[in-house]
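Each residue of the sequence shown is one higher than the last, beginning at 173 in this note's numbering.
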Amino acid sequence: MVDAIFLSAEPRMSATPYIPYCGSPPVPGQLTWNTDPALIAIMSGVIALYALGRRKQERPDRYRQSCFYVGWILVAAALISPLCNLSVALFSARVTQHMVLTLIAAPLVVLGRPGEVLLRLLPNRAPANISLQSGALPAIATVSFAISLWVWHLPGPYDLTLQSDLAYWAMHLTIFGTALLLWYALFERLGCISIALLVGFGTTVQMSLLSALLTSAPRPLFSSHFGTTWPWGLSPVEDQQLGGLIMWVPGGTLFTVIGVVAFGAWLRALSVQADGTKLYKP
């Protein structure tokens with residue numbers, strides 16, 4: 173069954189030698205940093221613009237400011253540190269990169285409200301607050317994040333990211349972008365039980381299913397790692413299983429907790445409503 177799911181995205185081997193964006197597959201003791209000047213300039217530029225926007229606020233929120241800076245530093249760490257280079261050799265390192273971006277960096281960046289801050293840099297006193305008011309946003313965000321995560325962990329698209337810079341950045345932009353949307357939808361309606369249930373349990377189910385398929389696959393799925401995992405003491409299958417577990421445990425746990433807390437709030441709301449008092453917005 174696992175093979176049937178992944179065979180439709182079977183990778184193609186490239187006849188032309190290509191060095192992946194993060195460098196050649198490393199061996200122990202030879203990890204390198206990503207010194208791409210364009211990426212470093214963009215990452216630094218965003219920090220500078222955010223800091224400038226914060227200066228224009230009458231009462232800057234230091235908590236949100238700290239959240240953004242920590243989140244953006246984690247984004248930089250995932251893309252610039254040796255983790256980037258290690259992800260060329262190990263599928264598990266690539267999954268770690270994705271989990272850092274989606275489970276830690278994305279919510280911190282969203283808490284920093286970068287959209288509102290950057291709007292202050294526009295002329296004519298642009299409004300300080302922005303909000304996506306669509307009632308369908310949580311469902312759109314949940315489905316978009318799921319599609320992005322699944323597509324880029326199929327063999328064909330995944331291996332393509334190690335054969336094309338364009339595919340590599342398409343992967344990171346879509347996965348991180350949909351994660352930002354997902355956390356925005358959750359934080360924007362933090363008191364809404366139904367949204368927390370949708371985001372929590374919906375994301376738990378899809379991440380757990382993908383993780384289970386990766387860990388239970390009887391053979392290695394990603395041709396790019398057939399010969400790159402051995403120097404690190406892992407077979408391709410073991411590396412793949414480790415990657416599945418890295419996705420399963422932190423991702424599944426985090427969103428399960430969100431769903432369980434929301435479910436508990438829903439049960440309490442039912443009890444309170446039975447007494448004629450409404451404390452939560454379901």
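We treat Cβ as the ideally placed atom computed from N, Cα and C, and that holds for glycine.
Predicted, not measured: the structure shown is a model, and the values here were computed from it.
Query - CB of W404 within 8 Å of CB of P279, strictly - result: For W404 and P279, no; Cβs fall outside 8 Å.
Report task. Compare the beta carbon distance of A357 and A318 with 8 Å and say whether it is the shorter of the two. Result -> no
**Report entry** Residues bridged to C239 [DSSP beta-bridge criterion]
**Finding:** For C239, which the question treats as bridged, DSSP gives no partner whatsoever.
Query raised in the report: Residues in its own chain within less than 8 Å of G424 by CB, not counting five upstream and five downstream?
Result: Answer for G424: T376, M379, S380 and S383, listed in chain order.
**Report entry** First and last residue of the uninterrupted alpha helix (DSSP H) at D233
**Finding:** It is not in any alpha helix (DSSP H) - D233 carries neither H nor E in the DSSP assignment.
**Report entry** Through-space distance from P192 to L294, alpha-carbon basis
**Finding:** 37 Å
Report task. Answer with buried or exposed for F427, where buried requires no fewer than 16 other C-beta atoms within 10 angstroms of its C-beta. Result -> With 16 or more Cβ atoms within 10 Å of its Cβ, F427 is classed as buried.
**Report entry** contact_flag[the stretch 260-273, the stretch 196-205] where n(CB pairs < 8 Å) is 3 or more
**Finding:** yes
Query raised in the report: Secondary structure at H397, three-state DSSP: helix, strand or coil?
Result: Under the three-state reduction of DSSP output, H397 falls in the helix class.
Query raised in the report: Going by beta carbon distance, what residues of the same chain come within less than 6 Å of P329, once the five residues before and after it are set aside?
Result: Same-chain partners within the cutoff: V323.
Requested in this report: Note down the Cα distance separating P212 from D411, rounded to an integer number of angstroms.
Outcome: The question names Pro, but residue 212 in the sequence shown is Ile. Rounded to the nearest angstrom, the two C-alpha atoms are 30 Å apart.
Requested in this report: Would you mind working out which of D208, Y241 and A210 sits nearest L224, comparing C-alpha positions?
Outcome: Y241
Query raised in the report: Just the Cα atoms here: how many angstroms apart are G284 and A250?
Result: 19 Å
Query - For W205, the nearest candidate out of R231, P254 and F348 (CA to CA) - result: P254
Query raised in the report: In the structure shown, what three-state DSSP assignment does I191 receive?
Result: I191 falls in the coil class under three-state DSSP.
Query - Helix, strand or coil at W324 according to DSSP, with G and I counted as helix - result: Looking at W324 - three-state DSSP - the assignment turns out to be coil, as it is neither helix nor strand.
Report task. Note down the Cα distance separating A342 from D331, rounded to an integer number of angstroms. Result -> Each residue's Cα considered, the two are about 13 Å apart.
**Report entry** Reference P390; option with closest CA among H397, G372 and V409
**Finding:** V409
Query raised in the report: According to DSSP, is A434 helix, strand or coil?
Result: helix
Query raised in the report: Whose CA, out of L386, T401, P189 and A434, lies closest to the CA of L370?
Result: A434
Query raised in the report: Taking C-beta to C-beta, are A422 and M271 nearer than 8 Å?
Result: This sequence places Pro at residue 422; Ala is not what is there. The answer is yes: Cβ separation under 8 Å.
Requested in this report: Starting from the Cα of I252, find the closest Cα among L393, L273 and S264 and give me that residue.
Outcome: L273
**Report entry** Between the CA atoms of P327 and L414 - distance to the nearest angstrom
**Finding:** Distance from the CA of L414 to the CA of P327, rounded to the nearest whole angstrom, comes to 16 Å.
Report task. Please classify L439: does DSSP put it in a helix, a strand, or coil? Result -> helix
Query raised in the report: For P310, which of E360, L385 and S407 has the nearest alpha-carbon?
Result: E360
Query raised in the report: Is V281 near L352, with beta carbons less than 8 Å apart?
Result: Yes, the pair counts as a contact, with Cβ atoms nearer than the cut-off.
Requested in this report: Please list, in chain order, all residues of the same chain as T350 whose beta carbon is under 6 Å from its beta carbon, the five residues on each side excluded.
Outcome: Cβ-Cβ distances below 6 Å link T350 to S316, F317 and S320 in the same chain, with the five nearest sequence neighbours on each side left out; the list follows chain order.
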